[in-house]
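Colleague: Input: one structure, supplied below.
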Amino acid sequence: MKTTLRTDITVKDICDGFVYNELEGKGLFGLSGTLTIQPEYQRNYIYADGKRDVAVIESILKGYPLGLIYFNKVSANKLEVLDGQQRITSFGRFVTNKFAIKDEQGMQQYFGSLASELQNLILTTKLVIYECEGEEPEIKQWFKTINIAGVPLNNQELLNAVYSGPYVTLCKAEFSNSQNANIQKWSAYISGSANRQEFLECALNWVSKGNIDNYMSRHRYEANIIELKNYFTSVIDWVSGVFTSVESEMRGLEWGRLYELYHEQGYDSKKVSAEVKKLYGDPYVKNRKGVFEYILGGSTDTKLLDVRVFDEATKKSVYTNQTAEAEKKGISNCSHCAIGHDANKAKIWKLADMDADHVAAWSKGGATDIKNCELLCKPHNRAKGNR
Ligand SMILES: [Zn+2]
Numbered sequence: 519m520k521t522t523l524r525t526d527i528t529v530k531d532i533c534d535g536f537v538y539n540e541l542e543g544k545g546l547f548g549l550s551g552t553l554t555i556q557p558e559y560q561r562n563y564i565y566a567d568g569k570r571d572v573a574v575i576e577s578i579l580k581g582y583p584l585g586l587i588y589f590n591k592v593s594a595n596k597l598e599v600l601d602g603q604q605r606i607t608s609f610g611r612f613v614t615n616k617f618a619i620k621d622e623q624g625m626q627q628y629f630g631s632l633a634s635e636l637q638n639l640i641l642t643t644k645l646v647i648y649e650c651e652g653e654e655p656e657i658k659q660w661f662k663t664i665n666i667a668g669v670p671l672n673n674q675e676l677l678n679a680v681y682s683g684p685y686v687t688l689c690k691a692e693f694s695n696s697q698n699a700n701i702q703k704w705s706a707y708i709s710g711s712a713n714r715q716e717f718l719e720c721a722l723n724w725v726s727k728g729n730i731d732n733y734m735s736r737h738r739y740e741a742n743i744i745e746l747k748n749y750f751t752s753v754i755d756w757v758s759g760v761f762t763s764v765e766s767e768m769r770g771l772e773w774g775r776l777y778e779l780y781h782e783q784g785y786d787s788k789k790v791s792a793e794v795k796k797l798y799g800d801p802y803v804k805n806r807k808g809v810f811e812y813i814l815g816g817s818t819d820t821k822l823l824d825v826r827v828f829d830e831a832t833k834k835s836v837y838t839n840q841t842a843e844a845e846k847k848g849i850s851n852c853s854h855c856a857i858g859h860d861a862n863k864a865k866i867w868k869l870a871d872m873d874a875d876h877v878a879a880w881s882k883g884g885a886t887d888i889k890n891c892e893l894l895c896k897p898h899n900r901a902k903g904n905r
């Protein structure tokens with residue numbers, strides 16, 4: 519890879535012919551049309567938050583260095599931004615009056631309202647740019663190793679760069695576009711943001727059963743994303759059909775895995791809804807995220823709910839009574855041992871070697887209070903399993 523250091527290009531040069539696409543949230547072109555600011559393997563513009571974009575302009579005004587920028591020289595008259603897209607889009611948007619900064623008096627100032635010497639200061643600022651020339655794999659490999667302006671690329675952003683092509687472009691248009699009207703519905707079930715590719719990552723993860731890398735590589739040159747879209751829609755439609763009310767704990771669950779396991783079973787959404795409500799109101803359920811899988815699996819695996827256990831004081835008090843009783847009768851203080859025929863028949867276990875158990879199982883309505891508490895020796899409690 520050949521690199522050339524350029525220090526002659528100014529903010530004004532870059533902003534000549536700058537185009538920003540509001541709909542896609544992308545800085546598109548600069549340098550009189552010869553520079554592509556956001557090639558398809560780049561992530562979306564994420565600096566438009568009134569903090570990071572403002573910080574770029576304040577850095578310029580204070581004369582702080584903006585850091586290195588890297589261009590990829592595609593041909594004699596064609597450059598792409600390899601690293602620096604967020605910074606370039608920030609000053610491009612500022613110079614075209616897309617956002618304001620605050621001056622020393624705390625007043626909002628757009629570029630057009632700045633004093634002309636400040637405007638000049640920004641426009642004449644020179645950038646430090648490396649132009650790189652090389653083969654595509656080499657450039658991409660290198661791109662994989664650099665961080666952009668302190669916000670490291672996440673895994674999906676890297677994969678989008680590595681497998682860039684028609685498929686990724688279509689994927690991003692569907693799943694990474696914050697203007698997509700479906701995003702709000704999806705965010706009930708998926709955590710993260712469209713901009714950081716987390717919806718796309720989720721969709722790919724579901725359809726590929728966790729093999730995103732492999733899936734993207736196989737579909738890289740395809741010009742349709744029908745399979746991905748259909749699968750994703752099936753999962754979302756299934757979840758929203760089974761669980762008709764949306765709870766915040768549903769966000770980010772492994773819906774793809776649950777869909778695979780349970781979508782062929784029928785559920786009565788009214789009954790499901792009533793059961794969710796009941797479990798949400800149950801003070802013994804510690805893990806609400808587990809409620810959905812618990813119900814899908816037939817309401818048996820109480821481990822998913824992390825049911826509240828008996829506290830130490832309760833255990834101690836039950837132990838004392840239980841042991842006194844057993845000693846009077848000359849039998850083991852574990853009721854299971856006492857009815858056995860081996861050496862443990864009359865064994866008095868220490869508190870530390872016993873576990874508290876629900877007499878009436880929690881899943882069958884047994885409460886976690888002292889009246890429903892019994893201590894069993896650890897081996898018997900383990901053997902019983904279902905609390
Ligand atoms: Zn026992």
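Throughout, my numbering is defined as the position within the sequence shown, counted from one, plus 518.
Note that the Cβ used here is the ideal one computed from N, Cα and C, for glycine as well.
1. For ligand 1, which residues have a Cβ under 5 Å from at least one heavy atom, in chain order?
2. Whose CA, out of D621, I640, P557, A594, lies closest to the CA of G602?
3. By the 10 Å Cβ neighbour count, where 16 or more other Cβ atoms means buried, how is I606 classified, buried or exposed?
4. Taking S735 and A712 to be in contact with their CB atoms under 8 Å, please state how far apart those CB atoms are, rounded to whole angstroms.
5. Report yes or no: do three or more beta-carbon pairs, one from the stretch 687 to 694 and one from the stretch 740 to 748, lie closer than 8 Å?
6. Among the residues of its own chain, which have a CB less than 7 Å from the CB of R524, if the five just before and after it don't count?
7. Starting from the C-beta of P801, find all residues in its chain whose C-beta is less than 8 Å away, skip the five residues before and the five after it, and write them out in chain order.
8. Considering only C-alpha positions, which residue in the set G728, G585, C852, V764 is nearest to L645?
9. Starting from F547 and walking both ways along the alpha helix (DSSP H), at which residues does that stretch end?
10. On a Cα-Cα basis, can you pick out the residue from G535, L597, L677, I657 that is closest to F609?
11. Between Y812 and M768, which are expected to be in contact by the criterion C-beta below 8 Å, what is the C-beta distance as a whole number of angstroms?
12. Helix, strand or coil: how does DSSP classify E651 here?
13. Hey, could you find the ends of the beta strand (DSSP E) L597 is sitting in?
14. For C912, write down the residues that DSSP places opposite it in a beta bridge.
15. Under the DSSP definition of a beta bridge, which residues are partnered with R738?
16. Buried or exposed: where does Y837 fall if 16 or more other Cβ atoms within 10 Å of its Cβ makes it buried?
17. For E675, count neighbouring Cβ atoms within 10 angstroms of its own Cβ and tell me buried if that reaches 16, exposed if not.
18. State the start and end residues of the unbroken beta strand (DSSP E) segment that holds K520.
19. Which stretch, first to last residue, makes up the beta strand (DSSP E) that contains I587?
20. Might you give, ordered along the chain, the residues of its own chain that have their beta carbon closer than 7 Å to the beta carbon of G848, omitting 5 neighbours on each side?
21. With a 10 Å radius around its C-beta and 16 neighbouring C-beta atoms as the bar for buried, classify G668 as buried or exposed.
22. Report yes or no: do the stretch 539 to 553 and the stretch 621 to 631 share at least 3 C-beta pairs separated by less than 8 Å?
23. Is K727 near E651, with beta carbons less than 7 Å apart?
24. Would you kindly work out how many angstroms separate the C-alpha atoms of Y886 and H876, rounded to a whole number?
25. The beta strand (DSSP E) spanning N615 covers which residue range?
26. The beta strand (DSSP E) spanning V537 covers which residue range?
27. Quick one: Cα of N723 to Cα of Q623, how far?
28. Pick helix, strand or coil for L645, following the three-state DSSP scheme.
29. Rounded to a whole number of angstroms, what is the C-alpha to C-alpha distance between S939 and V680?
30. Exposed or buried, N562, counting other C-beta atoms within 10 Å across all chains shown (16 or more means buried)?
31. Kindly identify the DSSP beta-bridge partner or partners of Q627.
32. Between E654, N698, A699, which has its C-alpha nearest G683's C-alpha?
Modeller: By the coordinates alone:
1. Those residues that have a beta carbon less than 5 Å away from any non-hydrogen atom of ligand 1 are, in order along the chain, C852, H854, C855, C895, H898.
2. As a working note, residue 602 is residue 84 in the sequence shown. It is P557 whose Cα lies nearest to the Cα of G602.
3. Walking along the sequence shown from the start, residue 606 turns up at place 88. Under this definition I606 is a buried residue.
4. Along the sequence shown, one-based indexing puts residue 735 at 217. Along the sequence shown, one-based indexing puts residue 712 at 194. Their Cβ separation, rounded to whole angstroms, is 23 Å, which puts S735 and A712 out of contact at 8 Å.
5. Counting Cβ pairs under 8 Å, three or more are found: they touch.
6. Residue 524 sits at position 6 when you count from the first residue of the sequence shown. The residues are I647, E649.
7. Numbered from its first residue, the sequence shown carries residue 801 at position 283. The beta carbon of P801 is closer than 8 Å to those of R826 in its chain, skipping five residues each way along the sequence.
8. If you number the sequence shown from 1, residue 645 lands on position 127. Comparing Cα positions, the closest option is G585.
9. Looking up residue 547 in the sequence shown gives position 29. Note, F547: premise wrong, no alpha helix (DSSP H); beta strand (DSSP E) at 544 to 548.
10. Walking along the sequence shown from the start, residue 609 turns up at place 91. For F609, the nearest C-alpha among the options comes from G535.
11. Numbered from its first residue, the sequence shown carries residue 812 at position 294. Numbered from its first residue, the sequence shown carries residue 768 at position 250. No, Y812 and M768 are not in contact; Cβ-Cβ is about 13 Å, not under 8 Å.
12. Numbered from 1 along the sequence shown, position 133 holds the residue referred to as residue 651. Secondary structure of E651 (DSSP, three-state): strand.
13. Taking the sequence shown and counting its residues from 1, the one referred to as residue 597 is at position 79. If you look at L597, you'll find it in the beta strand (DSSP E) that goes 596 to 601.
14. No information on residue 912 is available, as it lies outside the stretch 519 to 905 that the chain covers here.
15. Within the sequence shown, residue 738 is the residue found at index 220, counting from 1. Paired residue(s): none; R738 is not in a bridge.
16. Within the sequence shown, residue 837 is the residue found at index 319, counting from 1. That one is buried.
17. Counting from one through the sequence shown, the residue named residue 675 turns up at place 157. It is buried - the Cβ of E675 has at least 16 other Cβ atoms within 10 Å.
18. Against the sequence shown, residue 520 aligns to sequence position 2. Looking at the DSSP string, the run of the beta strand (DSSP E) that includes K520 is 520 to 524.
19. Translated into the one-based positions of the sequence shown, residue 587 becomes position 69. Under the DSSP assignment, I587 falls in the beta strand (DSSP E) whose first and last residues are 587 to 593.
20. On the sequence shown, residue 848 is found 330 positions in, with the first residue counted as 1. A864, listed in sequence order.
21. Counting from one through the sequence shown, the residue named residue 668 turns up at place 150. Note that G668 scores 49 on pLDDT, short of 50, meaning its location in the model is unreliable; the coordinates nonetheless yield the value given after this. So G668 ends up on the exposed side.
22. The count of Cβ pairs closer than 8 Å, one atom from the stretch 539 to 553 and one from the stretch 621 to 631, stays below three, leaving the stretches out of contact.
23. Here residue 727 is taken as the residue at index 209 of the sequence shown, counted from 1. Here residue 651 is taken as the residue at index 133 of the sequence shown, counted from 1. The beta carbons of K727 and E651 sit no closer together than 7 Å.
24. For the purposes of this step, residue 886 is taken as residue 368 along the sequence shown, with counting starting at 1. For the purposes of this step, residue 876 is taken as residue 358 along the sequence shown, with counting starting at 1. Note that residue 886 is Thr in the sequence shown here, rather than Tyr. Approximately 7 Å, taken between the alpha carbons.
25. Numbered from its first residue, the sequence shown carries residue 615 at position 97. Run containing N615: none; DSSP gives neither H nor E here.
26. Position 19 of the sequence shown, counted from the first residue, corresponds to residue 537. Annotation for V537: the continuous beta strand (DSSP E) segment containing it runs 537 to 539.
27. Translated into positions along the sequence shown, residue 723 becomes position 205. Translated into positions along the sequence shown, residue 623 becomes position 105. Between N723 and Q623, the C-alpha separation is close to 50 Å.
28. Walking along the sequence shown from the start, residue 645 turns up at place 127. Looking at L645 - three-state DSSP - the assignment turns out to be coil, as it is neither helix nor strand.
29. The question about residue 939 has no answer, for the chain in this structure spans 519 to 905.
30. Position 44 of the sequence shown holds residue 562. Residue burial annotation: N562 is buried, with at least 16 other C-beta atoms found within 10 angstroms of its C-beta.
31. Here residue 627 is taken as the residue at index 109 of the sequence shown, counted from 1. Looking at the DSSP output, Q627 shares a beta bridge with I619.
32. In the sequence shown, the residue the question calls residue 683 occupies position 165. Of the listed residues, the one whose Cα sits closest to G683 is E654.
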